[in-house]
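Novice: Heads up, the sequence shown is in my numbering, so the first residue is 265 and it goes up one at a time.
The C-beta atom is built at its ideal place from N, Cα and C for all residues, glycine as well.
The following block contains the structure, expressed as structure tokens.
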Amino acid sequence: MALKLYKRGKVFHIRGSVAGRQFRCTTGTSDRKKAERVKAEIEQGAWQRRFDGPGAGLTMAQAFIAYLEAGKPERFIARLNDYWEDTLVEEIKPETIKRAARKIYPDATGATRNRQVIAPTVAAINYAADLGWCSRIKASRFHVDAETKTPADLAWVNAFASQATGDGLPHLAALCLLMFATGARVGEGCKLTWADVDLQSCKATIRMKKPTPWTRTAHLPGRVVAALANIGSNRNPEARVFGYAGTGSVTKVWNNVVARAEIDTLTPHSCRHGFATTMLRKGIDVKTVADRGGWKDPMVVLRTYAHALEDQTVTDAVFDTEPTHGVSDATTSNRIKRRKSV
Numbered sequence: 265m266a267l268k269l270y271k272r273g274k275v276f277h278i279r280g281s282v283a284g285r286q287f288r289c290t291t292g293t294s295d296r297k298k299a300e301r302v303k304a305e306i307e308q309g310a311w312q313r314r315f316d317g318p319g320a321g322l323t324m325a326q327a328f329i330a331y332l333e334a335g336k337p338e339r340f341i342a343r344l345n346d347y348w349e350d351t352l353v354e355e356i357k358p359e360t361i362k363r364a365a366r367k368i369y370p371d372a373t374g375a376t377r378n379r380q381v382i383a384p385t386v387a388a389i390n391y392a393a394d395l396g397w398c399s400r401i402k403a404s405r406f407h408v409d410a411e412t413k414t415p416a417d418l419a420w421v422n423a424f425a426s427q428a429t430g431d432g433l434p435h436l437a438a439l440c441l442l443m444f445a446t447g448a449r450v451g452e453g454c455k456l457t458w459a460d461v462d463l464q465s466c467k468a469t470i471r472m473k474k475p476t477p478w479t480r481t482a483h484l485p486g487r488v489v490a491a492l493a494n495i496g497s498n499r500n501p502e503a504r505v506f507g508y509a510g511t512g513s514v515t516k517v518w519n520n521v522v523a524r525a526e527i528d529t530l531t532p533h534s535c536r537h538g539f540a541t542t543m544l545r546k547g548i549d550v551k552t553v554a555d556r557g558g559w560k561d562p563m564v565v566l567r568t569y570a571h572a573l574e575d576q577t578v579t580d581a582v583f584d585t586e587p588t589h590g591v592s593d594a595t596t597s598n599r600i601k602r603r604k605s606v
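Pasting the structure below:
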């Protein structure tokens with residue numbers, strides 16, 4: 265039967281069929297003229313979809329709704345939805361996505377524009393394409409200057425942990441050791457509860473959000489177990505191990521400890537970076553490093569963390585000869601500043 269308007273309370277609703285599709289929905293209005301217009305738009309859209317295919321008239325707002333309903337990451341989507349609104353997906357071209365990135369984030373870096381506009385916009389459109397609603401799309405990324413990341417090494421971690429412990433911050437020292445030993449991000453460390461930690465079996469369940477929510481079980485070396493055991497706490501299973509609400513609450517106290525220790529200014533994330541770099545330099549294969557450190561794609565580890573060793577004599581190894589200069593912690597002595605004499 266054709267679409268008909270009927271009232272439920274004061275609001276007009278629609279029921280019936282058009283172009284082979286059943287409809288039963290609200291118009292959201294008590295004004296009959298407006299309700300008639302809503303009904304007409306539904307009829308027009310149904311026939312357009314029938315004649316031109318399922319993607320006819322598909323808007324970015326609809327694409328984003330479908331994307332989120334599928335449980336996809338919602339981060340950045342709200343701002344994109346406000347920008348695109350009812351723009352037709354068929355009108356979106358690669359260059360229009362890049363233009364959108366410039367308008368939404370005029371002062372941002374290429375990396376930010378890639379991460380917060382291009383990637384989620386393309387992902388939403390391509391999800392709609394997988395549903396058969398439209399064609400897939402590719403969009404080139406903005407150029408990103410490769411950033412040299414300085415990893416924390418064992419000497420730096422030792423100096424930091426020693427200073428934090430001396431400052432009466434054993435929980436911060438333990439957080440640093442945990443990140444360096446497991447590759448955990450600072451946000452993941454902050455979310456760790458005592459229910460996630462088993463000191464007897466030397467294991468911790470780390471709950472991750474990137475690239476999608478998942479969990480992994482990390483081995484805790486003896487030194488980390490000892491550091492965790494030294495944290496003063498009633499160990500309520502629901503209590504956070506380190507007592508920090510999140511990354512923001514760690515930053516200031518972290519930087520203060522770094523300053524007092526008179527060591528290079530490194531961020532908490534440098535510990536994750538240091539985990540990967542140290543493991544690779546000790547000859548652990550990339551796949552194992554990725555598995556133990558929580559990277560789903562080993563190529564990320566290879567591209568980001570596999571630095572070349574500075575010691576040129578390392579090539580002696582092709583003849584089974586030890587390098588002339590030791591490569592382990594080759595630059596450590598330059599990483600720790602001498603404490604000022606009192």
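Taking only runs that begin and end inside the stretch 376-422, name each unbroken alpha helix (DSSP H) of 4 or more residues, in chain order.
Specialist: 383-394
Novice: I need the DSSP call for Thr479, collapsed to helix, strand or coil.
Specialist: Counting from one through the sequence shown, the residue named residue 479 turns up at place 215. In this structure, DSSP gives Thr479 an extended state, which the three-state scheme calls strand.
Novice: Hey, Pro501 and Trp458: beta-carbon distance below 8 Å or not?
Specialist: Within the sequence shown, the letter at position 237 stands for residue 501. Within the sequence shown, the letter at position 194 stands for residue 458. It is a contact, given that the beta carbons lie within the stated cut-off.
Novice: Under 7 Å from any heavy atom of the ligand MN, does the C-beta of Ala445 make it?
Specialist: This structure does not include the ligand MN; it has no bound ligands of any sort.
Novice: Where does Asp593 fall in DSSP's three states?
Specialist: In the sequence shown, residue 593 corresponds to position 329, counting from 1. Low confidence applies here, because Asp593 scores a pLDDT of 46, under 50, leaving its location unreliable; read the following figure in that light. Note: Asp593 maps to coil in three-state DSSP.
Novice: Would DSSP call Val505 helix, strand or coil?
Specialist: By 1-based counting over the sequence shown, the position of residue 505 is 241. Of the three classes helix, strand and coil, the one that applies to Val505 here is coil, per DSSP.
Novice: Put Lys303 into one of helix, strand or coil per three-state DSSP.
Specialist: Taking the first residue of the sequence shown as 1, we reach residue 303 at position 39. In the structure shown, Lys303 sits in a helix (DSSP, three-state: H, G or I).
Novice: Contact check, Lys467 vs Ala482 under 8 Å by CB: the rounded distance?
Specialist: If you number the sequence shown from 1, residue 467 lands on position 203. If you number the sequence shown from 1, residue 482 lands on position 218. The pair is a contact, with the Cβ atoms about 7 Å apart (cut-off 8 Å).
Novice: Run through the DSSP bridge pairs and tell me what His277 is partnered with.
Specialist: Sequence index remark: in the sequence shown, residue 277 carries index 13 (1-based). In the DSSP output, where bridge partners are listed per residue, His277 has Tyr270 and Thr290.
Novice: Got a sec? Which residues, its chain only, sit under 6 Å from Thr293 by beta carbon, not counting five neighbours each side?
Specialist: Here the question's residue 293 lines up with position 29 in the sequence shown. Excluding sequence neighbours, Thr293 sits near Ala299.
Novice: Determine the extent of the alpha helix (DSSP H) in which Lys467 is found, giving its start and end residues.
Specialist: Position 203 of the sequence shown, counted from the first residue, corresponds to residue 467. Note, Lys467: premise wrong, no alpha helix (DSSP H); beta strand (DSSP E) at Lys467 to Met472.
Novice: Note down, in chain order, each residue of its chain lying with its Cβ closer than 8 Å to the Cβ of Thr511, except the 5 sequence neighbours on either side.
Specialist: Sequence index remark: in the sequence shown, residue 511 carries index 247 (1-based). Counting only Cβ-Cβ distances below 8 Å, and skipping sequence neighbours, we find Val450, Gly451, Cys454 and Pro532.
Novice: For His407 and Ala365, what's the separation of their Cα atoms in angstroms?
Specialist: In the sequence shown, residue 407 corresponds to position 143, counting from 1. In the sequence shown, residue 365 corresponds to position 101, counting from 1. Rounded to whole angstroms, His407 to Ala365 spans 13 Å at the Cα level.
Novice: Could you tell me the alpha carbon to alpha carbon distance between Pro415 and Cys535, rounded to whole angstroms?
Specialist: Residue numbering aside, residue 415 sits at position 151 when the sequence shown is read from its first letter. Residue numbering aside, residue 535 sits at position 271 when the sequence shown is read from its first letter. Distance between the alpha carbons of Pro415 and Cys535 is about 7 Å.
Novice: Spatial neighbours of Lys413 within its chain, please: CB distance less than 6 Å, with the 5 preceding and 5 following residues excluded, ordered by chain position.
Specialist: In the sequence shown, residue 413 corresponds to position 149, counting from 1. If you ignore the 5 residues before and after Lys413, its C-beta comes within less than 6 Å of the C-beta of His537, all in its own chain and listed in chain order.
Novice: Using 8 Å as the Cβ pair cut-off and three pairs as the minimum, do the stretch 378-394 and the stretch 320-331 touch?
Specialist: Enough Cβ pairs lie closer than 8 Å, so yes.
Novice: In whole angstroms, give me the CA-to-CA distance for Arg440 and Ala419.
Specialist: The residue given as residue 440 occupies position 176 in the sequence shown. The residue given as residue 419 occupies position 155 in the sequence shown. For the sequence presented, residue 440 should be read as Cys rather than Arg. Going from the Cα of Cys440 to the Cα of Ala419 covers about 12 Å.
Novice: Thinking C-beta only, is Leu322 closer than 8 Å to Ala393?
Specialist: Translated into the one-based positions of the sequence shown, residue 393 becomes position 129. Translated into the one-based positions of the sequence shown, residue 322 becomes position 58. No, these two residues do not count as a Cβ contact at 8 Å.
Novice: Take Val488 and list the residues in its own chain whose beta-carbon comes closer than 6 Å to its own, dropping the five residues that flank it on each side.
Specialist: For the purposes of this step, residue 488 is taken as the residue at position 224 of the sequence shown. Here the set comprises Leu441, Leu442 and Ala445.
Novice: Taking the beta carbon of Asp346 as the centre, do at least 16 other beta carbons fall within 10 Å, making it buried, or is it exposed?
Specialist: Mapped onto the sequence shown, residue 346 falls at position 82. Its Cβ having fewer than 16 others within 10 Å, Asp346 is exposed.
Novice: Would you decide whether Ala554 is buried or exposed? Buried here means 16 or more other CB atoms lie within 10 Å of its CB.
Specialist: The residue labelled residue 554 in the question sits at position 290 within the sequence shown. By the 10 Å Cβ count, Ala554 comes out buried.
Novice: Spatial neighbours of Thr479 within its chain, please: C-beta separation below 8 Å, excluding the five flanking residues on both sides.
Specialist: Indexing the sequence shown from 1 puts residue 479 at position 215. Excluding positions up to five away in sequence, the list reads Thr469, Ile470, Arg471 and Met472.
Novice: Round the Cβ separation of Ile382 and Lys362 to the nearest angstrom and send it over; I've been treating them as touching at under 8 Å.
Specialist: In the sequence shown, residue 382 corresponds to position 118, counting from 1. In the sequence shown, residue 362 corresponds to position 98, counting from 1. Ile382 to Lys362, Cβ: 7 Å. Contact.
Novice: Does DSSP classify Asp462 as helix, strand or coil?
Specialist: The residue you call residue 462 lines up with position 198 of the sequence shown. Three-state result, Asp462: strand.
Novice: Apart from the five residues on each side of it in sequence, which residues of its chain come closer than 7 Å, Cβ to Cβ, to Leu267?
Specialist: Here the question's residue 267 lines up with position 3 in the sequence shown. Ile278, Gly280, Val282, Phe287, Lys303, Ile306 and Glu307, listed in sequence order.
Novice: Can Ala428 and Val521 be called in contact, C-beta distance under 8 Å?
Specialist: As a working note, residue 428 is residue 164 in the sequence shown. As a working note, residue 521 is residue 257 in the sequence shown. Cβ distance < 8 Å, so Ala428 and Val521 count as in contact.
Novice: For Thr511, which three-state DSSP category applies?
Specialist: As a first step, residue 511 must be located in the sequence shown, where it is residue number 247. Looking at Thr511 - three-state DSSP - the assignment turns out to be helix.
Novice: Can you give the Cα-Cα distance for Asp431 and Phe506, rounded to whole angstroms?
Specialist: Here the question's residue 431 lines up with position 167 in the sequence shown. Here the question's residue 506 lines up with position 242 in the sequence shown. Computed Cα separation, rounded: 15 Å.
Novice: Do you know offhand how far Thr290's Cα is from Gln312's?
Specialist: Taking the first residue of the sequence shown as 1, we reach residue 290 at position 26. Taking the first residue of the sequence shown as 1, we reach residue 312 at position 48. Approximately 21 Å between the Cα atoms of the pair.
Novice: For Ile401 versus Ile368, is the C-beta distance shorter than 8 Å?
Specialist: Start at 1 with the first residue of the sequence shown, and residue 401 comes out as number 137. Start at 1 with the first residue of the sequence shown, and residue 368 comes out as number 104. Pairing Ile401 with Ile368 gives a Cβ-Cβ distance that is not under 8 Å.
Novice: In the DSSP assignment, what residue or residues form a beta bridge with Arg285?
Specialist: Along the sequence shown, read from residue 1 onward, the residue named residue 285 stands at position 21. Answer is Val282.
Novice: Give the straight-line distance between the Cα atoms of Ser497 and Ala448, rounded to the nearest whole angstrom.
Specialist: Counting from 1 along the sequence shown, the entry for residue 497 is found at position 233. Counting from 1 along the sequence shown, the entry for residue 448 is found at position 184. Their backbone Cα atoms lie some 22 Å apart in a straight line.
Novice: For Pro562, collect the residues of the same chain with a Cβ closer than 6 Å to its Cβ; drop the 5 residues on either side in sequence, then sort them by chain order.
Specialist: The sequence position of residue 562 within the sequence shown is 298, counting from 1. By the criterion of a C-beta distance shorter than 6 Å, Pro562 is surrounded in its chain by Val550, Lys551 and Ala554, once the five residues flanking it on both sides are discounted.
Novice: Could you please give the first and the last residue of the uninterrupted alpha helix (DSSP H) stretch that includes Arg536?
Specialist: As a working note, residue 536 is residue 272 in the sequence shown. Looking at the DSSP string, the run of the alpha helix (DSSP H) that includes Arg536 is His533 to Arg545.
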